[in-house]
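> Quick note: the sequence shown uses our numbering, first residue 339, plus one each step. Note that beta-carbon positions come from the ideal geometry of N, C-alpha and C, so glycine has one too. Note that the structure is a prediction, hence the values are computed from the model and not measured. Let me begin by handing over the structure; questions about it come next.
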Amino acid sequence: MKWEIKIFLWAIIFSCKTITANSQTNGDSFVLACGATSDAIDSDSRKWIPDTNFLTTNNNNSSSATAKSQDPSLPSTVPYMKSRFFKSKSTYKFPISPTSRHWIRLHFYPSSYDKFDSSTSFFSVTAASFTLLSNFSASITAQALTQAYIVREFTMIRLGSGVLDLTFTPLRNTFAFINGIEIISMPEIFQPAPMVGFSDQNIAAEDYAMQMMFRLNVGGQFIAASNDSGLSRTWYDDSPYIYGAGFGITTQADSNVAIAYPSQKSRSFAPLDVYRTARSMGPNATLNQNYNLTWILDVDANFTYLVRLHLCDYRFDKVNQMVFRVFINNQTADSDADVVAWAGGKGVPMYKDYATYVNGGKNGDGQLWLALHPNVEVKPQFYDSILNGLEVYKLNDTAGNLAGPNPLQSPRKGSQKGRGFQSRSTKTGLIVGSVLGIVACLGLILGLIACLKQRNARANEGSWLPIYGGSWSSGKNSKCKSSGSSQISSLGKGLCRHFSLSDIKAGTNDFNEECVVGVGGFGKVYRGSIDGNATEVAIKRASPSSQQGMHEFLNEIELLSKLRHRHLVSLIGACEENNEMILVYDYMANGTLREHIYNNNSSSNEQSAKHPIIHRDVKSTNILLDDKWRLGICIGAARGIHYLHTGAKNPIIHRDVKSTNILLDDKWVAKVSDFGLSKSRHTHDQTHVSTVVKGSFGYLDPEYYRRQQLTDKSDVYSFGVVLFEVLCGRPAINLSLPKEQLSLADWAVLNHEQGTIDEIIDPNIKAEINQECLKHYTETAVKCLSDDSIDRPSMAEVLRNLELCLQLQTSPDGPNVAEREKALDRNAMQALLLAIEEDESMQYSANDAAFSNTLDQEGR
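Encoded structure:
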């Protein structure tokens, strides 16, 4: 009893001291800049105070430090550039109201500090009797999310005590650290929620501590914490979580529609900006009956989750005008969702809560699916559904635990086969990472511009590329004048020639515009020559305004210098003299696969000009390839990608497989090109590479986009799109087509499911295709486009199936499929393909009527 009285008196005295010092306090709210020595203001004009008055540990256990560098994606230096470090268990004490619920937000910047390397930090965090983080590594998490800083947000129940203990416990021989702490008083916004799948069971959400996993402004834009009604919540765009191409449409309330909270208490639901925008399915009732508006959210397995749907119908004002079903993890959460009936009118904000338990998948991973679909049985006036906002909270388990595993297992566990990005402790970071990635890119571009200006002012002082040391192998025919001073010397490893700028200018007639055969994201591509016009080459020259740059340039050299394969384009050399970035390749006389299966006119596909291509003289006439030649080219490309995945010392993921990156030489041999975005896995056992999403619209693996985990199967997905491009003779994305046909991948899969694939085949080859060949070809392509990577075949399987398809096409009267598949002789198959590729009598000519169907410059 005496101890309780002491704490009570201490809390009163302590509150008096801190309340006067903290402008952010509203009785028991605190915003702390850990490690700071004085008050500081962040970029949102919020005041952060030092943490020293709240810390009960002695001086020997904690210390403060300043980060050695500031990442350009940090939203503010406060609170991230200062940090508090703990060598042993340490506790903060906060005097709070025992009858209020509180937000707890923990800010981490896992950078390098004086005397501390945050990558070696592993620790746990508890609040009262609840475990918030366990064996937590901010560094591993940040790397997996590809973002500079981490924010973890929790909401605590009413503790019944006047003091909140927040304790940091480092693992043995490591340390804990924290950059910022927010303790924010909040109203009780939770109530009992029905358990999905159990009609008679509710979860008393108000009795749980929670971790905020997602907070999405559905159909709207990012909303900063400073714009959220005193609760300082941050709302993010929902589009990265939409399943497939079923994005529906986004809408915004008309200015003449009044949206008003039904009560003072309801102001804490969400900002009005959340309710002013929405995502719905669209105006096509027939289309809406054939798909669900679906979000997929990666969560920690074996926890119960509260799913909150924010709803406000600002279009309809009568009951039964729009009624839809709500599904959570394929179970019906609500069968008759009528927002107007629920809210009591038009333009009235409200929310609906549901609880669901998420079991672990095959790898211990968890996913939460939310799907909306019109309820046609009640015959509403409009077949549609709507959602304005979405929040997902993880509820504590019976042991009071909220902690999930690190995205990758701790190195101290002795295993590198961690769960990966999808098992992160919170998924808020996915959209944060996307936003921060854009900010970081802008920062890098601005930095690059500044670097270029500085470089031009002192051009004779050296190159803009990083210094690696060593010297280039200039090759016996090279005219390099300064190989000893080259700054990218170690990349070529003696396999890549170093050309002088005079060599390049001589080979392109001083970059004559008449030599330009392509323009891409890296810059212009010239048709040129080297070694006294003895060898024809393609020369790719970086543009100062290029969206790509140094990283892609070095990456291409690093990878292609080590790779030699019949079905990979060969890098001959490079030039980096006088601030130029130039790559020299074998010349691909027959251009890209794309230009031979459909029109390469710039107006036909907006994305074509955004990516580098190397193709033949634009004055040449395109040749429409027949079915067997298309198959042979696909097989060649598949061999090249298969080699990248399995044949190289370190497996390589291309990351930008598409028809413009499959080139054809003078003998029509397919070669995979453009490795600027490629990623190398360190070992064959490494399952994925966590990285910022890059690639080409229309070819991008949806799982990679959601999880930011790049795998071999990401290339498989992109190649599946290419297979349908070849079959259908149309671009991956065609904005001029109706919405359901816009994406070739989705359109092809839909037609395959409906048995109408014949209707979308390129009419130029439709009559020639053997039906058994077509069946196996389309089945292979559809499997490549599976939404989950685990359901996609490997490139080895794709290659084998395509070879079988070619055998079926060339020998339609042979043994049945089962016998062919069993007896397939790969050596004989390769001989057949080689004969197709190299047989002079099979060479195409623009004037050869036997392989006619030529294309004029306008295309077909």
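Determine the burial state of Tyr925: buried for a count of at least 16 other Cβ atoms within 10 Å of its Cβ, exposed for fewer.
As a first step, residue 925 must be located in the sequence shown, where it is residue number 587. Counting Cβ neighbours within 10 Å, Tyr925 comes out buried, since at least 16 surround it.
> Kindly give me the distance between the Cβ atoms of Leu728 and Val534, rounded to whole angstroms, as I take these residues to be in contact under 8 angstroms.
The residue given as residue 728 occupies position 390 in the sequence shown. The residue given as residue 534 occupies position 196 in the sequence shown. Not really, about 15 angstroms apart at Cβ, beyond 8 angstroms.
> Using a Cβ-Cβ cutoff of less than 7 angstroms, which residues in the same chain neighbour Ser867 once the five nearest sequence positions on both sides are dropped?
Mapped onto the sequence shown, residue 867 falls at position 529. Excluding residues within five positions, the ones whose Cβ falls inside 7 angstroms are Gly845, Thr873, Glu874, Val875.
> For Ser456, name the three-state secondary structure that DSSP assigns.
On the sequence shown, residue 456 is found 118 positions in, with the first residue counted as 1. Helix.
> Quick one, which of Arg977, Ile1000, Ile990, Ala583 has its alpha-carbon nearest Lys900's?
Taking the sequence shown and counting its residues from 1, the one referred to as residue 900 is at position 562. The shortest C-alpha separation from Lys900 is found at Ile990.
> Could you name the residues that DSSP lists as bridge partners for Gly866?
Taking the sequence shown and counting its residues from 1, one reaches residue 866 at position 528. DSSP lists Val875 as partners of Gly866.
> On the criterion of 16 or more Cβ atoms from any shown chain inside 10 Å, does Phe536 qualify as buried, or is it exposed?
If you number the sequence shown from 1, residue 536 lands on position 198. Exposed, by the Cβ-count rule.
> Looking at C-beta atoms only, is the number of pairs between the segment 1050-1064 and the segment 545-552 that lie closer than 8 angstroms three or more?
no
> Kindly identify the DSSP beta-bridge partner or partners of His711.
As a position in the sequence shown, residue 711 is number 373, starting the count at 1. DSSP, once it has assigned bridges, lists Arg663 as partnering His711.
> In angstroms, rounded to a whole number, what distance separates the CA positions of Gln1024 and Met524?
Residue mapping note: residue 1024 aligns to position 686 of the sequence shown, counting from 1. Residue mapping note: residue 524 aligns to position 186 of the sequence shown, counting from 1. Since pLDDT at Gln1024 reaches only 47, below the 50 mark, its modelled position is unreliable, and the value read off the structure follows with that caveat. Whole-angstrom Cα-Cα distance: 44 angstroms.
> For Ser1034, which of Arg1044, Asn668, His980, Leu1015 has the nearest alpha-carbon?
Position 696 of the sequence shown holds residue 1034. When only C-alpha atoms are compared, the closest one is Leu1015.
> Can you list, in chain order, the stretches of the alpha helix (DSSP H) that have 4 or more residues and sit fully within the segment 440-512?
If we require 4 residues or more, the alpha helix (DSSP H) runs fully inside the segment 440-512 come out as 476-483.
> Taking only the alpha-carbon atoms, compute the straight-line gap between Ala542 and Ala531 and give it to the nearest angstrom.
By one-based count along the sequence shown, residue 542 stands at place 204. By one-based count along the sequence shown, residue 531 stands at place 193. The alpha-carbon of Ala542 is positioned some 7 angstroms away from that of Ala531.
> Between which residues of its own chain and Gly498 is the CB-CB distance below 7 angstroms, once the five residues before and five after are set aside?
Along the sequence shown, one-based indexing puts residue 498 at 160. Closer than 7 angstroms at the Cβ level, and outside the excluded window around Gly498, lie Pro436.
> For Val678 versus Gln705, is the C-beta spacing smaller than 9 angstroms?
Position 340 of the sequence shown, counting from 1, holds the residue named residue 678. Position 367 of the sequence shown, counting from 1, holds the residue named residue 705. No, Cβ-Cβ distance for Val678 and Gln705 is not below 9 angstroms.
> Could you please give me the residues that DSSP links to Met548 through a beta bridge?
Numbered from 1 along the sequence shown, position 210 holds the residue referred to as residue 548. Partner(s): Thr493, Leu733.
> Compare the beta carbon distance of Cys1122 and Gly1058 with 9 angstroms and say whether it is the shorter of the two.
On the sequence shown, residue 1122 is found 784 positions in, with the first residue counted as 1. On the sequence shown, residue 1058 is found 720 positions in, with the first residue counted as 1. Yes, Cβ-Cβ distance for Cys1122 and Gly1058 is below 9 angstroms.
> When the Cα of Ala623 is compared with those of Tyr613, Ser570, Tyr721, Phe662, which residue comes out closest?
Against the sequence shown, residue 623 aligns to sequence position 285. Among Tyr613, Ser570, Tyr721, Phe662, the Cα nearest to that of Ala623 belongs to Tyr721.
> Does the separation of the CB atoms of Val922 and Ile877 fall below 9 angstroms?
Counted from its first residue, the sequence shown places residue 922 at position 584. Counted from its first residue, the sequence shown places residue 877 at position 539. Result yes, Cβ atoms of Val922 and Ile877 sit closer than 9 angstroms.
> Express the C-alpha separation of Arg422 and Asp389 in angstroms, rounding to a whole number.
As a working note, residue 389 is residue 51 in the sequence shown. As a working note, residue 422 is residue 84 in the sequence shown. Cα to Cα, the separation comes out at about 9 angstroms.
> Measure the CB-CB distance between Pro448 and Ser475 and report whether it falls below 9 angstroms.
For the purposes of this step, residue 448 is identified with residue 110 of the sequence shown, where counting begins at 1. For the purposes of this step, residue 475 is identified with residue 137 of the sequence shown, where counting begins at 1. It is a contact, given that the beta carbons lie within the stated cut-off.
> Under 6 angstroms Cβ to Cβ from Glu520, same chain only, skipping five residues before and after it: list those, please.
On the sequence shown, residue 520 is found 182 positions in, with the first residue counted as 1. Hits under 6 angstroms: Val369, Arg443.
> Mind checking whether Thr458 and Thr512 have CB atoms under 9 angstroms apart?
The count along the sequence shown starts at 1 and reaches residue 458 at position 120. The count along the sequence shown starts at 1 and reaches residue 512 at position 174. In this structure, Thr512 lies closer than 9 angstroms to Thr458 by Cβ.
> Would you call Thr930 buried or exposed, if buried means 16 or more other Cβ atoms sit within 10 Å of its Cβ?
Here residue 930 refers to the residue found at position 592 of the sequence shown. Result: buried.
> In whole angstroms, what is the alpha-carbon distance linking Met494 and Thr394?
Locating residue 494 in the sequence shown gives position 156, where the first residue counts as 1. Locating residue 394 in the sequence shown gives position 56, where the first residue counts as 1. Answer to the nearest angstrom: the Cα atoms are 21 angstroms apart.
> Does the segment 729-742 come within contact of the segment 557-570, defined as at least 3 CB pairs closer than 8 angstroms?
no
> Contact between the segment 1038-1049 and the segment 1002-1009: three or more CB pairs below 8 angstroms?
no
> Rounded to a whole number of angstroms, what is the C-alpha to C-alpha distance between Lys453 and Met419?
In the sequence shown, residue 453 corresponds to position 115, counting from 1. In the sequence shown, residue 419 corresponds to position 81, counting from 1. Met419 has its alpha-carbon roughly 15 angstroms from the corresponding atom of Lys453.
> List the endpoints of the continuous beta strand (DSSP E) containing Pro433.
Residue numbering aside, residue 433 sits at position 95 when the sequence shown is read from its first letter. Start and end: 428-433.
> Would Ala927 pass as a contact of Asp869 if the rule is Cβ separation under 9 angstroms?
The count along the sequence shown starts at 1 and reaches residue 927 at position 589. The count along the sequence shown starts at 1 and reaches residue 869 at position 531. Cβ distance not < 9 angstroms, so Ala927 and Asp869 don't count as in contact.
> For Tyr487, is the beta carbon positioned less than 8 angstroms from some heavy atom of the ligand SAH?
For the structure depicted, the ligand SAH is absent and the ligand set is empty, with no information on it obtainable.
> Leaving out five residues on either side along the sequence, give the residues of the same chain with a beta carbon under 7 angstroms from the beta carbon of Ser381.
Indexing the sequence shown from 1 puts residue 381 at position 43. Excluding residues within five positions, the ones whose Cβ falls inside 7 angstroms are Pro413, Ser414.
> Can you tell me which of the three DSSP states Ala616 falls into?
Stepping through the sequence shown from its first residue, residue 616 is reached at position 278. Per DSSP, reduced to three states, the secondary structure at Ala616 is strand.
> Just reading off the beta strand (DSSP E) that Tyr689 is part of, what are its end residues?
Along the sequence shown, one-based indexing puts residue 689 at 351. Here the beta strand (DSSP E) through Tyr689 covers 688-696.
> Determine the burial state of Val716: buried for a count of at least 16 other Cβ atoms within 10 Å of its Cβ, exposed for fewer.
For this step, residue 716 is matched to residue 378 along the sequence shown. Answer is exposed; the Cβ neighbour count stays below 16.
> Identify the residues that DSSP records as bridge partners of Tyr643: which are they?
As a working note, residue 643 is residue 305 in the sequence shown. DSSP output for Tyr643 lists Thr694, Lys732 as bridge partner(s).
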